[in-house]
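Trainee: From first to last, the protein sequence lines stand for chains G and D. This note's numbering numbers the first residue of the first sequence as 1 and each following residue consecutively. This note's numbering numbers the first residue of the second sequence as 1 and each following residue consecutively. Sharing a structure, written as structure tokens. Questions coming.
Protein chains: 2
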Amino acid sequence: MKSVFPDTVALVEVELNKLLPAAAAPPEKVHHAIRWSVFAGGKRFRPALLLATGKAFNATTETLIKTACAFEMIHTYSLIHDDLPSMDDDDLRRGRPTCHVRFGEATAILAGDALQTLAFRTVAEDENLDVNTRVALISELARAAGTPEGMVAGQALDMEAEARQVNPAELEEIHRHKTGALIVAAARSGAIIGRATEAELDAVTNYGSHLGLLFQITDDLLDVTASAEDLGKTPGKDAESRKATYPGLYGLDDSREAAAKAYRAACEALERIDRPTTVLRSIVDFILNRTG
Amino acid sequence: MKSVFPDTVALVEVELNKLLPAAAAPPEKVHHAIRWSVFAGGKRFRPALLLATGKAFNATTETLIKTACAFEMIHTYSLIHDDLPSMDDDDLRRGRPTCHVRFGEATAILAGDALQTLAFRTVAEDENLDVNTRVALISELARAAGTPEGMVAGQALDMEAEARQVNPAELEEIHRHKTGALIVAAARSGAIIGRATEAELDAVTNYGSHLGLLFQITDDLLDVTASAEDLGKTPGKDAESRKATYPGLYGLDDSREAAAKAYRAACEALERIDRPTTVLRSIVDFILNRTG
Numbered sequence: 001m002k003s004v005f006p007d008t009v010a011l012v013e014v015e016l017n018k019l020l021p022a023a024a025a026p027p028e029k030v031h032h033a034i035r036w037s038v039f040a041g042g043k044r045f046r047p048a049l050l051l052a053t054g055k056a057f058n059a060t061t062e063t064l065i066k067t068a069c070a071f072e073m074i075h076t077y078s079l080i081h082d083d084l085p086s087m088d089d090d091d092l093r094r095g096r097p098t099c100h101v102r103f104g105e106a107t108a109i110l111a112g113d114a115l116q117t118l119a120f121r122t123v124a125e126d127e128n129l130d131v132n133t134r135v136a137l138i139s140e141l142a143r144a145a146g147t148p149e150g151m152v153a154g155q156a157l158d159m160e161a162e163a164r165q166v167n168p169a170e171l172e173e174i175h176r177h178k179t180g181a182l183i184v185a186a187a188r189s190g191a192i193i194g195r196a197t198e199a200e201l202d203a204v205t206n207y208g209s210h211l212g213l214l215f216q217i218t219d220d221l222l223d224v225t226a227s228a229e230d231l232g233k234t235p236g237k238d239a240e241s242r243k244a245t246y247p248g249l250y251g252l253d254d255s256r257e258a259a260a261k262a263y264r265a266a267c268e269a270l271e272r273i274d275r276p277t278t279v280l281r282s283i284v285d286f287i288l289n290r291t292g
Numbered sequence: 001m002k003s004v005f006p007d008t009v010a011l012v013e014v015e016l017n018k019l020l021p022a023a024a025a026p027p028e029k030v031h032h033a034i035r036w037s038v039f040a041g042g043k044r045f046r047p048a049l050l051l052a053t054g055k056a057f058n059a060t061t062e063t064l065i066k067t068a069c070a071f072e073m074i075h076t077y078s079l080i081h082d083d084l085p086s087m088d089d090d091d092l093r094r095g096r097p098t099c100h101v102r103f104g105e106a107t108a109i110l111a112g113d114a115l116q117t118l119a120f121r122t123v124a125e126d127e128n129l130d131v132n133t134r135v136a137l138i139s140e141l142a143r144a145a146g147t148p149e150g151m152v153a154g155q156a157l158d159m160e161a162e163a164r165q166v167n168p169a170e171l172e173e174i175h176r177h178k179t180g181a182l183i184v185a186a187a188r189s190g191a192i193i194g195r196a197t198e199a200e201l202d203a204v205t206n207y208g209s210h211l212g213l214l215f216q217i218t219d220d221l222l223d224v225t226a227s228a229e230d231l232g233k234t235p236g237k238d239a240e241s242r243k244a245t246y247p248g249l250y251g252l253d254d255s256r257e258a259a260a261k262a263y264r265a266a267c268e269a270l271e272r273i274d275r276p277t278t279v280l281r282s283i284v285d286f287i288l289n290r291t292g
């Protein structure tokens with residue numbers, strides 16, 4: 001899909017370019033692999049969400065941008081590892097060979113490992129943030145990325161669920177961990193940098209969790225309905241690998257209804273935030289209507 | 001090998017048991033895999049070194065123990081990933097099947113990923129440390145674990161060097177990254193928690209880097225000379241896979257001389273630290289004389 005905001009993409013990519021090790025620095029192959037996957041035309045959805053939420057709470061770009069990049073590093077590391085032959089075994093990502101196809105499995109594993117490390121280092125060393133905030137953000141990011149609450153737990157649950165029929169509660173549990181946790185944490189991290197109150201953070205959490213669900217349902221729908229060109233990867237892959245998906249469990253019509261419901265809930269959550277939320281609202285619109 | 005200090009092992013394992021997700025918590029398989037590898041009879045060398053260095057600088061066990069466990073988590077994650085078929089392809093570790101042999105490749109990758117995440121979360125959430133110290137430790141740990149300066153860089157350089165003759169400078173470069181960086185950082189982190197001065201930190205860095213070199217040379221020597229029983233893994237594996245090693249490059253006698261030289265340099269570095277360093281000295285003695 002196209003990005004939520006093209007100007008965010010440029011901003012994030014300039015900063016990522018500064019934060020990542022140079023491709024010419026040894027070990028060159030690992031650094032090439034990192035840059036191959038990070039600069040593969042990603043949507044930068046999590047950084048855009050973090051920046052938009054932070055700005056709703058009056059935080060400056062300067063205080064938000066490095067943490068936004070740290071979220072993109074964690075997201076990219078997870079894509080590299082999830083694509084590996086022993087995991088989802090994907091050869092194509094965003095229209096290009098996946099990291100292990102291009103650089104070999106060992107280098108892909110190391111590139112993912114190094115990207116995860118760099119995400120935490122980036123936040124720990126961000127001198128635009130006071131140390132209390134850095135520590136809070138590292139905890140937030142780690143909980144969303146790891147187990148038992150986060151992304152790695154979701155990937156493990158997703159793989160366990162392959163080749164068996166999951167029930168609605170299990171499907172939600174998989175997605176809440178696998179994609180939801182990091183999306184919620186991106187929104188919350190923007191709000192944390194903007195010094196949101198506890199009540200505001202609760203509302204942001206609510207917004208993020210409905211937005212995350214919407215993101216996943218539309219992702220599942222696109223896997224069924226979009227063309228390979230729009231998607232940048234092979235459509236129909238979920239059904240083929242018997243992944244747990246919304247269309248697989250509910251059918252297309254009910255999945256679209258579930259998306260509409262998540263959309264409304266995300267918008268309602270925004271109404272409880274007494275801040276300028278136009279941009280956060282436009283993100284929900286964008287995700288509902290995305291075509292790739 | 002036996003541990004440097006048996007009482008440290010018990011202390012570290014009690015704390016690791018508290019910090020790691022319960023095996024019964026979902027995703028169970030990943031949590032079982034994490035515990036399988038973490039509680040596999042490791043020597044706890046890095047935690048022991050961190051605790052000993054911290055105590056030389058008057059830090060309490062309470063302020064040191066969680067960071068010590070974080071180092072063991074990073075070390076264990078690296079063993080799990082290094083043992084994978086596409087990396088060093090090891091079936092046996094400490095006398096037991098490696099993580100991917102026991103739980104499958106996908107679970108081993110996820111277990112390593114989650115352990116790395118938990119290491120950073122553990123330090124970020126350690127309420128026995130002020131936030132300035134936590135941030136400094138996370139930066140220290142991340143630099144030692146990642147690229148271009150740390151462990152992942154070392155593993156990449158090591159794999160690049162397989163099946164070709166390396167020169168002495170390249171061999172040192174590999175080991176300085178692959179094992180040295182984390183050992184140096186463990187010693188430094190103890191000193192940081194103990195509020196060492198910059199001059200003291202420099203001396204600790206010096207001590208750690210000679211100790212790290214000694215550790216690697218004796219490790220290489222044991223791969224040639226020790227029995228499988230003492231080693232808990234298949235000896236001769238390095239030569240078979242054409243890994244870059246000290247005995248491979250220098251022969252046994254010159255490697256033993258290099259070990260003696262590293263031993264003396266580590267002891268000399270300790271003489272420049274005006275603190276009670278008896279325990280730090282006994283670690284150097286132990287590593288020189290280890291038999292497994």
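Just so it is clear, CB atoms sit at the ideal spot from N, CA and C, and this is done for glycine as well.
Taking DSSP as the reference, what is the three-state secondary structure of P97/D?
Mentor: Reduced to three states, the DSSP call for P97/D is strand.
Trainee: Please decide whether D90/D counts as near chain G, where near means a Cβ-Cβ distance under 7 Å.
Mentor: no
Trainee: Taking the C-alpha atoms as reference points, what is the distance between A187/G and V9/G?
Mentor: 17 Å
Trainee: What separation, rounded to the nearest whole angstrom, lies between the Cα atoms of G54/D and L201/D?
Mentor: 11 Å
Trainee: Would you list the residues sitting across from L92/D in a DSSP beta bridge?
Mentor: Answer by DSSP bridge pairing, in chain order: P97/D.
Trainee: Note down, in chain order, every chain G residue with its Cβ under 9 Å from the Cβ of E198/D.
Mentor: Correct list: empty, because the minimum Cβ distance to chain G is about 18 Å.
Trainee: Quick check on F120/D: buried or exposed, where buried means 16 or more other Cβ atoms within 10 Å of its Cβ?
Mentor: buried
Trainee: Per the contact definition of three or more C-beta pairs closer than 8 Å, is the stretch 107–114 of chain D in contact with the stretch 81–93 of chain D?
Mentor: Enough Cβ pairs lie closer than 8 Å, so yes.
Trainee: By DSSP, does G104/D sit in helix, in strand, or in coil?
Mentor: DSSP, reduced to helix, strand and coil, places G104/D outside both helices and strands of the structure shown, so it counts as coil.
Trainee: Measuring only between beta-carbons, confirm whether Q165/D sits less than 7 Å from chain G.
Mentor: no
Trainee: Quick check on F120/G - is its C-beta less than 7 Å from some C-beta in chain C?
Mentor: Included in the structure are the protein chains G and D, with no chain C among them.
Trainee: Are the beta-carbon atoms belonging to V30/G and T67/D less than 7 Å from one another?
Mentor: no
Trainee: Measuring straight from C-alpha to C-alpha, what distance separates M1/G and A169/G?
Mentor: Per-residue confidence for M1/G stands at a pLDDT of 47, beneath the threshold of 50, marking its modelled position as unreliable; the derived number appears in the next sentence. Roughly 28 Å separates the two Cα atoms.
Trainee: Which term fits D254/D, buried or exposed, when burial requires 16 or more other beta carbons within 10 angstroms of its beta carbon?
Mentor: D254/D should be labelled exposed.
Trainee: Grab the span of the alpha helix (DSSP H) containing N206/G for me, first residue to last.
Mentor: E198 to T225
Trainee: Under the three-state reduction of DSSP, which class applies to K43/D: helix, strand or coil?
Mentor: coil
Trainee: Just how far apart, CA to CA, sit A181/G and L118/D?
Mentor: Distance between the alpha carbons of A181/G and L118/D is about 16 Å.
Trainee: In the DSSP assignment, find the alpha helix (DSSP H) that holds E271/D and state where it starts and stops.
Mentor: L252 to E271
Trainee: Quick check on M73/D: does DSSP put it in helix, strand or coil?
Mentor: helix
Trainee: Going by DSSP, what residue range makes up the alpha helix (DSSP H) through E173/G?
Mentor: P168 to H175
Trainee: Could you confirm whether any beta carbon from chain D is found closer than 7 Å to the beta carbon of A156/G?
Mentor: yes
Trainee: Can you list the residues of chain D that M159/G reaches, using a CB-CB cut of under 7 Å?
Mentor: Against chain D, the beta carbon of M159/G has neighbours under 7 Å at A106, listed in chain order.
Trainee: Measuring alpha carbon to alpha carbon, tell me which residue in A191/G, L252/G, R242/G and Q216/G is nearest P276/G.
Mentor: For P276/G, the nearest C-alpha among the options comes from A191/G.
Trainee: Is T60/D buried or exposed, if buried means 16 or more other CB atoms sit within 10 Å of its CB?
Mentor: exposed
Trainee: Among A199/G, A144/G, R272/G and A258/G, which has the Cα closest to the Cα of Q116/G?
Mentor: A144/G
Trainee: Round the Cβ separation of D158/D and K237/D to the nearest angstrom and send it over; I've been treating them as touching at under 8 Å.
Mentor: With a Cβ gap of about 13 Å, D158/D and K237/D do not count as contacting.
Trainee: By the 10 Å Cβ neighbour count, where 16 or more other Cβ atoms means buried, how is P21/G classified, buried or exposed?
Mentor: buried
Trainee: Since L213/D and I283/D should fall inside the 8 Å C-beta cutoff, what is the C-beta to C-beta distance between them, to a whole number of angstroms?
Mentor: That belief does not hold up - the Cβ atoms of L213/D and I283/D are roughly 14 Å apart, past 8 Å.
Trainee: Does G146/D get closer than 7 Å to chain G when you measure Cβ to Cβ?
Mentor: yes
Trainee: May I ask you to report which of helix, strand or coil DSSP gives R242/D?
Mentor: Correct three-state label for R242/D: coil.
Trainee: Keeping to the same chain, check which residues put their C-beta closer than 6 Å to that of V224/D; ignore five residues upstream and five downstream.
Mentor: P247
Trainee: In this structure, how does DSSP classify G190/G when only helix, strand and coil are distinguished?
Mentor: Looking at G190/G - three-state DSSP - the assignment turns out to be helix.
Trainee: In chain D, which residues lie with their C-beta within 8 Å of the C-beta of V30/G?
Mentor: T147, V152, A153 and A156
Trainee: Just reading off the alpha helix (DSSP H) that R143/D is part of, what are its end residues?
Mentor: V131 to A145
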